[in-house]
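Have a look at the structure below, then the notes.
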Amino acid sequence: MDDLTETYCRMDDFYNAFEPQLNARLLTDGKRHRSRKGSLSVPELMTLVVLFHQIRYRQFKSFYLNPVGRYLRSEFPRLPTYQRCVDLLPRCAIALAALFEELTGKCSGVSIADSTPLSVCKNLRISRHRVFQGMAARGKSSTGWFFGFKLHLVINHLGELLGVKLTPGNVDDRKPLCDFADRLFGKRYADKGDIAQWLTPFLKDLGIDFVTKVRKNRKPVALDPFDQAMLRQRSLVETVIDELKNLCQIEHTRLRSPIHFAVNLLAGLIAYGLMPNKPRLPLQDFRRLSPSPKLIPN
Numbered sequence: 001m002d003d004l005t006e007t008y009c010r011m012d013d014f015y016n017a018f019e020p021q022l023n024a025r026l027l028t029d030g031k032r033h034r035s036r037k038g039s040l041s042v043p044e045l046m047t048l049v050v051l052f053h054q055i056r057y058r059q060f061k062s063f064y065l066n067p068v069g070r071y072l073r074s075e076f077p078r079l080p081t082y083q084r085c086v087d088l089l090p091r092c093a094i095a096l097a098a099l100f101e102e103l104t105g106k107c108s109g110v111s112i113a114d115s116t117p118l119s120v121c122k123n124l125r126i127s128r129h130r131v132f133q134g135m136a137a138r139g140k141s142s143t144g145w146f147f148g149f150k151l152h153l154v155i156n157h158l159g160e161l162l163g164v165k166l167t168p169g170n171v172d173d174r175k176p177l178c179d180f181a182d183r184l185f186g187k188r189y190a191d192k193g194d195i196a197q198w199l200t201p202f203l204k205d206l207g208i209d210f211v212t213k214v215r216k217n218r219k220p221v222a223l224d225p226f227d228q229a230m231l232r233q234r235s236l237v238e239t240v241i242d243e244l245k246n247l248c249q250i251e252h253t254r255l256r257s258p259i260h261f262a263v264n265l266l267a268g269l270i271a272y273g274l275m276p277n278k279p280r281l282p283l284q285d286f287r288r289l290s291p292s293p294k295l296i297p298n
């Protein structure tokens, strides 16, 4: 219960500061519109969707009807029906996006990039899928074909998300790497599949050293032991992705509208950002390694 109160207070404090800024930027048509409040306020909606990911429920309906509907009536006295709550969820999408930006970490000079597929339906239903028609696309990952989106993300050595970008499933993994350059410095480690002839000098001009393993058809390159150790520990980003998909459940194949997909994704990312114990690397141990370079074979 203390965690629920803490989560709600955080959402409420954030939204009270964010709402005036949002209203000041909204475009108007010169007409007066009703601003009737719903039975659940925006901070309450944000609390519910983030709590859903924090307590590891698989279905939002079961979460809403059982623990919330049975045991949290005193915390949410004006709790509406499940269908009405689902109708209200889009109201908190913009606030969730702004809160996620506030929770992103700071670059420490060491960042790791990767991407992961987010399927929106099972492969057998691709031909008759209509919800994300014109937005999602077929793509191929290391585990096979899928229909949906790709989530491109960059983390620091503390496991904190530095930035994410959502693209259709057929987008090249190398294209979004440049979009994170404005918030990074130092060294960025990525998979050897991200190697591109234009990418390394482009990032170098921005003050970022792009470090990857070498493909089989290329000559070995000299890397210092710190870079070698970091490349061996690049699996940290895969651990983060695993927690995002299996604990925070950012992947969902039964959503019925794009806006609910966005709410589910943002709430899962926020739930991860609020986790007290994230996977991390002991960077201070790696910095003690000898600076003499060694050749990295194919």
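The letter at position 126 of the sequence shown is residue 126 when you use UniProt numbering, and the numbering goes up by one with no holes. Ideal Cβ placement from N, Cα and C applies to all residues, glycine included.
If you draw a straight line from the Cα of Phe63 to the Cα of Lys106, it comes to about 33 Å.
With respect to the 8 Å criterion, Arg188 and Ala271 are not classified as neighbours on the basis of their beta carbons. Per the coordinates, the alpha-carbon of Gly109 lies some 39 Å from the alpha-carbon of Gln133. Cα atoms of His129 and Arg254: separation of roughly 11 Å, rounded to the nearest angstrom.
The segment 114-121 and the segment 144-155 touch, with no fewer than 3 CB-CB distances between them shorter than 8 Å.
Counting only runs of 3+ residues, the beta strand (DSSP E) found wholly inside the segment 61-119 occupies 110-119, in chain order. The alpha-carbon separation between Ala95 and Phe261 amounts to approximately 15 Å. Fully enclosed beta strand (DSSP E) runs of no fewer than 3 residues occupy 110-119, 137-141, 144-156, 161-168, 186-189, 208-211, 221-223 of the UniProt domain "Transposase DDE" (105-257), in order along the chain.
Take the alpha-carbon of Thr212 and the one of Ala190: they are about 5 Å apart.
In the same chain as Leu283, and ignoring 5 residues on each side of it, the C-beta atoms closer than 8 Å to its own belong to Ser108, Val110, His157, in chain order. Short of 7 Å from the beta carbon of Cys178, and not among the five residues preceding or following it, lie these beta carbons of its own chain, in chain order: Phe202.
The C-beta distance from Leu269 to Leu161 rounds to 7 Å, short enough to meet the 8 Å contact threshold. Taken through DSSP and simplified to helix, strand or coil, Ile55 comes out as coil. Around the beta-carbon of Asn264, 16 or more other beta-carbon atoms lie within 10 Å, marking it buried. Pairing Thr5 with Leu51 gives a Cβ-Cβ distance that is not under 8 Å. For a cut-off of 8 Å, the C-beta gap from Glu238 to Lys245 is around 11 Å, too long to register as a contact.
Within the segment 10-60, the complete alpha helix (DSSP H) runs of at least 4 residues fall at 42-54. In the three-state DSSP reduction, Asn264 falls in the helix class (H, G or I). Collapsing the DSSP output to three states places Leu274 in coil. With fewer than 16 neighbouring CB atoms inside 10 Å of its own CB, Glu102 falls in the exposed class. Take Pro90, set aside five residues on each side of it, and the residues of its chain with a beta-carbon closer than 6 Å to its own are Ile259, in chain order. Distance from the CA of Ile208 to the CA of Asp224, rounded to the nearest whole angstrom, comes to 16 Å. Taken through DSSP and simplified to helix, strand or coil, Leu4 comes out as helix. The alpha-carbon separation between Glu243 and Gln249 amounts to approximately 8 Å. Counting the other Cβ atoms within 10 Å of the Cβ of Asp227 gives 16 or more, which makes it buried. Leu281 carries a coil assignment under DSSP once its states are collapsed to helix, strand and coil. For the pair Gly139 and Asn170, the CB atoms are nearer than the 8 Å cut-off. Approximately 5 Å separates the beta-carbon atoms of Gly159 and Pro279; this is inside 8 Å, confirming the contact.
C-alpha of Asp13 to C-alpha of Lys165: approximately 26 Å in a straight line.
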